[in-house]
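Visitor: Attaching a single structure in structure tokens format; questions to follow.
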Amino acid sequence: MPVSATLAANDAIARRRAQGLPVVPLGFGEAGLPVHPLLAKALSDAAGFAGYGPVAGIPALRDAAAGYWSRRGLPTEASQVVAAPGSKPLLWAILGARGGGVALPRPSWVSYAAQSAMHGLPVVRVRSVGGVPDPVELDAVAREGRLSTVVVTLPDNPTGRLAPPPVIRELCEVAERHDLLIVSDEIYRDLTEMELLSPASVVPHRVVVTSGLSKSLALGGWRLGVARFGDDALRDAVIDMASEVWSAPAQPVQHAAALAFSEPPALVERVAQSRNLHLRVGAAVAALFDTPPPDGAFYLYPHVPGFDTDRQVAEHLLASNGVVVLPGSEFGDDPAACRIRVATSLLYGDTDAQKLAALTSDTPESLPWIAAHLATLAAALHPGEFAHK
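Under UniProt numbering, the residues of the sequence shown are numbered 1 to 389, in order.
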């Protein structure tokens, strides 16, 4: 199985920079912001916790994550929470424990299909409506009796769209009708200003919600994810798998994560600043692509005319202007649709000082280093650039 397309994009950025070549990094979905000092201190203070700890996570973290969800209208007990070294292992364990066919939005995050394939699970792709398989089409597919699980992302990666509440309710009706588990990836939940209805608010007994610290607090390298289970049997099966695969998340990271999920005012402010930054820069990049600004997260999914395949678009932008994007086909889309996934979150600067200035600016898109990236991108997207030679 090839390396994840998102990680491959990060490698491409590193290679170009090592060669001294210019880069507009729009391929890798990393939040690209400094660690908040409160969290850095919490991690340092917890360095002495060197034991394995409970498989499902330390009590302080499970309590804090339960509080996080409860404050968002999802009443949660600590016993419902399982922590892991990232949300990816949780997804892998959930899919393996559940088994059966998996319905994914088309397009959807690259790892959903890859992990399903690792388990030998059949995948059905259904047209996406804001990160959710279209409920009408999903219902028709489910009538064939091959599905067990549907995975959704709210807000969505790669499209940056957010399914409205009526679509979520329709999805839940389909899940009830066909006895489907809904895995709701809500790691971008705090990076939208729109109303977000979690499926767990509608059919809590058949939903697993996953989240983590990699997006809203830019802690991807700390590898910490959490899941909220509505079904005890599935939770226990995932804990059993975890005990044989990762044993437990790193204890120092768990202690810092407990602080993060308890949401002290300084971290609430940091998340709000991050949300504003992502949405403002996303809107500026969207204007260059002549596509709607993101509903949430830091992704765009524009159609680029003048090419036969999405890979041609990506190769052209990289070769001629150093613009790194991902072809939509990496996310399960039709290559001929000529859509690309644009991640705007690595445009905020090369130093912590620049990134912090972007965080606190009312108009980050006007800062010189961000404006320079936008100018390079504008040149790459000039209509004359898209004529075949």
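C-beta atoms are modelled at their ideal positions from N, C-alpha and C, and glycine is treated no differently.
Going by DSSP in three states, D190 sits in which element: helix, strand or coil?
Guide: Position 190 of the sequence shown, counting from 1, holds the residue named residue 190. Reduced to three states, the DSSP call for D190 is helix.
Visitor: For the alpha helix (DSSP H) containing T360, name the first residue and the last one.
Guide: Looking up residue 360 in the sequence shown gives position 360. Taken as a continuous stretch (DSSP letters only), the alpha helix (DSSP H) holding T360 covers 352-360.
Visitor: With a threshold of 16 other CB atoms inside 10 Å of the CB of G306, please say whether the residue is buried or exposed.
Guide: Here residue 306 refers to the residue found at position 306 of the sequence shown. So G306 counts as exposed.
Visitor: Using only the alpha-carbon positions, how far apart do H312 and G120 sit?
Guide: One-based indexing of the sequence shown puts residue 312 at position 312. One-based indexing of the sequence shown puts residue 120 at position 120. Per the sequence presented here, residue 312 reads as Gln, with His not at that position. For Q312 and G120, the distance between alpha carbons rounds to 31 Å.
Visitor: Within the same chain, show all residues whose beta-carbon is closer than 6 Å to that of I58, passing over the 5 residues directly before and after it, in chain order.
Guide: If you number the sequence shown from 1, residue 58 lands on position 58. For I58, where only same-chain residues beyond five positions count, the Cβ hits under 6 Å are Q254.
Visitor: Counting only the same chain and skipping the five closest in sequence on each side, list residues whose C-beta sits under 8 Å from that of V24.
Guide: On the sequence shown, position 24 is the one that residue 24 refers to. Closer than 8 Å at the Cβ level, and outside the excluded window around V24, lie N321, G322, V323, V324, L347, H373, T376, L377, A380.
Visitor: How many angstroms separate the CA atom of L43 from the CA atom of A218?
Guide: Position 43 of the sequence shown, counting from 1, holds the residue named residue 43. Position 218 of the sequence shown, counting from 1, holds the residue named residue 218. Roughly 15 Å separates the two Cα atoms.
Visitor: How far does the beta strand (DSSP E) with R143 in it extend, from its first residue to its last?
Guide: Position 143 of the sequence shown holds residue 143. Run containing R143: none; DSSP gives neither H nor E here.
Visitor: Starting from T153, trace the beta strand (DSSP E) both ways and give me its first and last residue.
Guide: Stepping through the sequence shown from its first residue, residue 153 is reached at position 153. Unbroken beta strand (DSSP E) run through T153: 147-153.
Visitor: Quick one: is T363 buried, meaning 16 or more other Cβ sit within 10 Å of its Cβ, or exposed?
Guide: Within the sequence shown, residue 363 is the residue found at index 363, counting from 1. Exposed, since its Cβ has fewer than 16 Cβ neighbours within 10 Å.
Visitor: Along the chain, where does the alpha helix (DSSP H) that runs through D333 open and close?
Guide: Along the sequence shown, read from residue 1 onward, the residue named residue 333 stands at position 333. Looking at the DSSP string, D333 is not in any alpha helix (DSSP H), and its letter there is neither H nor E.
Visitor: Would you tell me roughly how many angstroms separate the C-alpha atoms of P122 and V207, rounded to the nearest one?
Guide: Taking the sequence shown and counting its residues from 1, one reaches residue 122 at position 122. Taking the sequence shown and counting its residues from 1, one reaches residue 207 at position 207. Approximately 20 Å, taken between the alpha carbons.
Visitor: Restricting to Cα atoms, I'd like to know which of A256, S366, P294 is closest to R223.
Guide: Residue mapping note: residue 223 aligns to position 223 of the sequence shown, counting from 1. Measuring from the Cα of R223, the nearest candidate turns out to be A256.
Visitor: Please list, in chain order, all residues of the same chain as R62 whose beta carbon is under 6 Å from its beta carbon, the five residues on each side excluded.
Guide: Residue mapping note: residue 62 aligns to position 62 of the sequence shown, counting from 1. Result list for R62: A78, V81, in chain order.
Visitor: Measuring straight from C-alpha to C-alpha, what distance separates A47 and W92?
Guide: As a first step, residue 47 is located in the sequence shown; it is residue number 47 there, counting from the start. As a first step, residue 92 is located in the sequence shown; it is residue number 92 there, counting from the start. For A47 and W92, the distance between alpha carbons rounds to 28 Å.
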